[in-house]
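For reference, the structure discussed in these notes is given below.
Protein chains: 2
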Amino acid sequence: MSSEAQQSEEVYEAFLEHVRKYNYVGDASGVLSWDQQVMMPEGGTPARSKQSSTLSTVHHELLTDDKLSEWLDELDGTVDDEQQAVVREVRRSHERANAIPEDLVKRLSEASSNALPVWEEAKAKSDFSLFEETLEELVELRREYAAAIDPDRDPYEVLFEDYEPYIDIDTAEAILTELREELPALIDAIAESDVEPADPFEGEYDAETQESLVTEALDTLGYDWDRGRLDTAPHPFSTGTQFDARVTTRFAPDDPMGAIGSTIHEFGHASYTLGLSDDDYGTPLGDSRDMTVHESQSRLWENHVGRSKPFWRLFASEVEEQFGITASPQAFYEHANEVYDDNMIRVEADELTYHMHIVVRFEIERDLIRGDLDVSEVPQVWNDKVEEYLGVRPDNDAEGCLQDIHWTHGNFGYFPTYSLGSVLASQLFGAAERELGDLDDDIESGNFDRLYGWLNENVHEHGCRYTTTDLIEEATGEAFTAEYFLDYANKKYGNLYNL
Amino acid sequence: MSSEAQQSEEVYEAFLEHVRKYNYVGDASGVLSWDQQVMMPEGGTPARSKQSSTLSTVHHELLTDDKLSEWLDELDGTVDDEQQAVVREVRRSHERANAIPEDLVKRLSEASSNALPVWEEAKAKSDFSLFEETLEELVELRREYAAAIDPDRDPYEVLFEDYEPYIDIDTAEAILTELREELPALIDAIAESDVEPADPFEGEYDAETQESLVTEALDTLGYDWDRGRLDTAPHPFSTGTQFDARVTTRFAPDDPMGAIGSTIHEFGHASYTLGLSDDDYGTPLGDSRDMTVHESQSRLWENHVGRSKPFWRLFASEVEEQFGITASPQAFYEHANEVYDDNMIRVEADELTYHMHIVVRFEIERDLIRGDLDVSEVPQVWNDKVEEYLGVRPDNDAEGCLQDIHWTHGNFGYFPTYSLGSVLASQLFGAAERELGDLDDDIESGNFDRLYGWLNENVHEHGCRYTTTDLIEEATGEAFTAEYFLDYANKKYGNLYNL
């Protein structure tokens, strides 16, 4: 090794040590957040807020550290491909964080905190006018935030990149537009179909029974209990590292299928996290890609496995046994895939209408941030769009534009990644089957090794080595496309509803 | 306010913000540690080690920050009494941390990590010779550590101050010596007594039943579930803040009394933490005093309440009901206070012989650190002392000098605080009864308000405002003394064993 190369290696090591410190503090924050949502007694909130916001401050200080700028400049272009990927990822986060004035960071954080009770009251009273001024402020602050990062670009594009930095906004918009153009016809046809899907569940089921069932589902899928755990949370989520990726779920007495779906969804997220490289823990090479890829993993397991016929041929007997009911695999399959075309609530939506809920939010937040829509018009536009895409109209703001918390948190640009993730799930599942052959037999026999292996090799273990766009092309041999999702949806629902 | 006073107030505020940041990071570490001991799946260890050691580094950096030196110099003597107490506490920690070279911090941490598997193997094989070299290294490193803090003072005194900075070592040693001189006669008399205490428990009890019983015990004592929770851990502990102070316990099938005692012990710790000032959270005024005072609170509830006759008149019916056994309050009382004079294991010891186990450890670690005892002599000296104080001799190293983990962690000077805490518990309970009158009726009726109120007013709510020595004198009107404990022990056991 030349002395120059050696010196560069030393700089890289010092840089990486700092990056690891930054990421370990971030993961410590994740533990505090898990605890707060799952374990913490209610009285703990004031102390936990202080602890968490202090870790955020430390995290931010490490990311904006001047030393990082120097290292990045010194390393850029002088290191190998893997190291260059690390430099790329850290530079992006570092520059973004440094672009935002401290004062704006503070105002954003305060505005979100203040917005929460206002939104809660407006939602409880189903009265958007109570929230209007607050939403205006949040939109303005996020426009200011986008301008601080790049005053010359479309502000919505800039915000979208906080959640999905490596899929360009035109590609994302094209995919969402395709969903908007293609799905309503299918949804309409389903609404007009005479088919009534079966529902094998009757009455109510206690949390203990449901927990034992979803635990069995996790066992079936091969969840590694030595590196994870299952708990309940009001809003299910998963969190952790490749050494400890936990899932949460929730149980509604009359909706065991909801618990199964939600648990398998979170399992998908956790399986991605658990598939990251152990050796690269603490660096971008051992960290997951952004929202779209993460959501592709949760949706792949939730929809392409958990809502598939072979899965129910495998799992129906388990439900029968634990719930003491008799029903065919086909009945469970139908119930898992029932389309609720009169549902107004995103989080209760089925696999198909879900995307119309997303398109409504995407179009409205995009236009708000671009300055093409006035905040006061949101309820009217929302209801019009829901009616146009789903054929039903919300009765009030609570089941309309006030239902989601995202904007209250100042998260504009997040919603699209939900649909993009589902679309990518189909594309990845298609590529896996192209390479491995049909996976029905694997699923029906509870053998997930080949599927998991393919995902691990083509997605998980790369961490952030590739950009999202490159990762998709490497894994599937194609550019990001909605084709697979639309084929899948048309075939599956055409069959189910005799279209 | 003069402009000078105003400026000083501003400096104090900046200083305090830094102190809070330091303490919030420390409390975040506490959450990670609780999670690791109670919730974390085993596979999580590698990631958790990185996260925790990073938080320790950040914590240490905040404590050794040069700004802190400047602020401390600027504030010292110019602030009011409360602020001066904060300055005193922070200065002490800051100077101690700065006295230790980074390299030594690292070597200490590595030596403890390396020592753990060696100690575990030696203990498993009951062979001290396997651990001898490691213990020598740990002793040497701690002597070096003590010399770095103050080369001119007794190194054991310096180490003791890490756990108990505000009780001088002569006072501590005098109290331990008094226990060593007074208790063996009582223990001997008990061994010779014909009295056989009752044992109402027969057979084995499952964890679920025991958990429901200790939950009832916590309810009875008034544990605030909105600011705490109960879980199980291999080594019970309590941790947290005034907003969220959690307890853990463990269940052995044949020892429900052990679970009750351990749970009430941890409740005592938690009750101290929960009694700290909310407004002063994050500063020494809202933080607990050191080990002796903390242990006094756990021992007071464990021994003076949980092992008292009136408590068993209150609680016996609860055990009868939940365990389906019939026994008198007197029988439970006798069982809770049985003296096991042939027990070699500290953590299984009764309230009385416990102190002899501590004295053995204290005398040995003191002599090791002072250079008056060679590591190779430890097993022999240990066994001789146990035989002298307890009248029984360990058969092997595992039930002798290898039983405790403390030295493996490099903790020399910790053991004495266990006994000092029990002694202080008696002194505080005596002072409370002097002021409030006899508390038997309160305890028997499950009314702990007056006792809790007294402890809160005289101990908890002061945080670290007073030094330990001053706190004891303020609360009891006397200097720290073993008199109350010895009176209590002689009276209680004299009565129990017809001496």
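Going down the list, the sequences are from chains A and S.
With the numbering used here, letter number 320 in the first sequence gets 320, and the count goes up by one each step, no holes.
Just remember that the numbering used here sits 1000 ahead of the position in the second sequence, which is counted from 1.
Note that the Cβ used here is the ideal one computed from N, Cα and C, for glycine as well.
So what's R246/A in DSSP terms, helix, strand or just coil? strand
Please go through the region 414-481 of chain A and give each complete beta strand (DSSP E) segment of 3 or more residues, from N-terminal end onward. none
For V90/A, which residues in chain S fall below 9 Å Cβ to Cβ? The contacting residues do not exist; V90/A stays about 17 Å from chain S at best.
Assuming Y1488/S contacts S1445/S (C-beta within less than 8 Å), just tell me the rounded distance between them. Going by Cβ atoms, the distance from Y1488/S to S1445/S rounds to 22 Å, so no, they are not a contact pair.
Same chain only: Cβ atoms within 7 Å of C401/A, ignoring 5 sequence neighbours per side: F128, V378, P379, W382
Is the Cβ-Cβ distance between T232/A and R250/A less than 7 Å? yes
Taking the alpha helix (DSSP H) that G1324/S falls in, what are its first and last residues? Run containing G1324/S: none; DSSP gives neither H nor E here.
Where E338/A and D1279/S are concerned, what is the direct C-alpha to C-alpha distance, given to the nearest angstrom? 53 Å
Tell me whether the beta-carbon of H1269/S lies closer than 7 Å to the beta-carbon of S1298/S. yes
By Cβ distance, which residues of its chain are closer than 7 Å to W1454/S, with the 5 residues on each side in sequence left out? A1432, E1435, L1436
Ignore the nearest five residues each way along the sequence and tell me which others in E387/A's own chain have a CB closer than 8 Å to its CB. R393
So, using beta-carbon positions, are D287/A and G26/A closer together than 7 Å? no
Which of the three DSSP states is assigned to L1068/S in this structure? helix
Step through the CB atoms of chain S and report whether any lies within less than 7 Å of the CB of A500/A. The structure shown does not extend to residue 500/A, since chain A is modelled only from 1 to 499, so the question has no answer here.
Please tell me whether A174/A and Q210/A are closer than 7 Å, where the distance is taken between their beta carbons. no
By DSSP, does L1230/S sit in helix, in strand, or in coil? strand
Along the chain, where does the alpha helix (DSSP H) that runs through G1030/S open and close? 1003-1038
Within a Cβ cutoff of 7 Å, which residues of the same chain sit near Q1036/S, ignoring the five residues on either side of it in sequence? R1048
Kindly indicate which residue of K67/A, G44/A, L75/A has the alpha-carbon position closest to the one of Q7/A. L75/A
For T241/A, which three-state DSSP category applies? strand
is_contact[L1276/S, chain A] using C-beta, thresh 7 Å: no
Quick one: list the residues of chain A neighbouring Q1037/S, beta-carbon separation under 9 Å, in chain order. By Cβ distance, chain A contributes nothing, its closest Cβ being about 13 Å from Q1037/S, past 9 Å.
Selection from R307/A, G421/A, M344/A, D290/A that minimises the alpha carbon distance to A217/A: R307/A
Could you tell me the alpha carbon to alpha carbon distance between K1125/S and V1011/S, rounded to whole angstroms? 57 Å
Does any residue of chain S bring its CB to less than 7 Å from the CB of D226/A? yes
Simplified DSSP state of Y1192/S, which is helix, strand or coil: Checking the sequence, you will find Glu at residue 1192/S rather than Tyr. Three-state DSSP puts E1192/S in a helix.
Please identify, using Cβ separations under 8 Å, the residues of the region 474-491 of chain A that lie next to chain S, in order along the chain. none
Environment of N1023/S [buried if 16+ CB atoms lie within 10 Å]: buried
Hey, could you find the ends of the alpha helix (DSSP H) R1299/S is sitting in? 1291-1299
According to DSSP, is G1502/S part of a helix, a strand, or is it coil? Since the first and last residues shown for chain S are 1001 and 1499, residue 1502/S lies out of range.
I want to see whether chain B comes within less than 7 Å of K385/A, judged by CB atoms only; does it? No chain B is part of this structure, whose protein chains are labelled A and S.
Verify the CB distance criterion: does G400/A have a CB-CB separation below 7 Å to chain S? no
Closest to E351/A by C-alpha separation, out of L428/A, G261/A, A331/A, would be which residue? G261/A
Range of the contiguous alpha helix (DSSP H) that encloses W407/A: Here W407/A belongs to no alpha helix (DSSP H), and DSSP marks it neither H nor E.
Excluding the 5 residues preceding and the 5 following L1451/S in the sequence, name in chain order all residues of the same chain whose CB lies nearer than 7 Å to its CB. A1432, L1439, D1442
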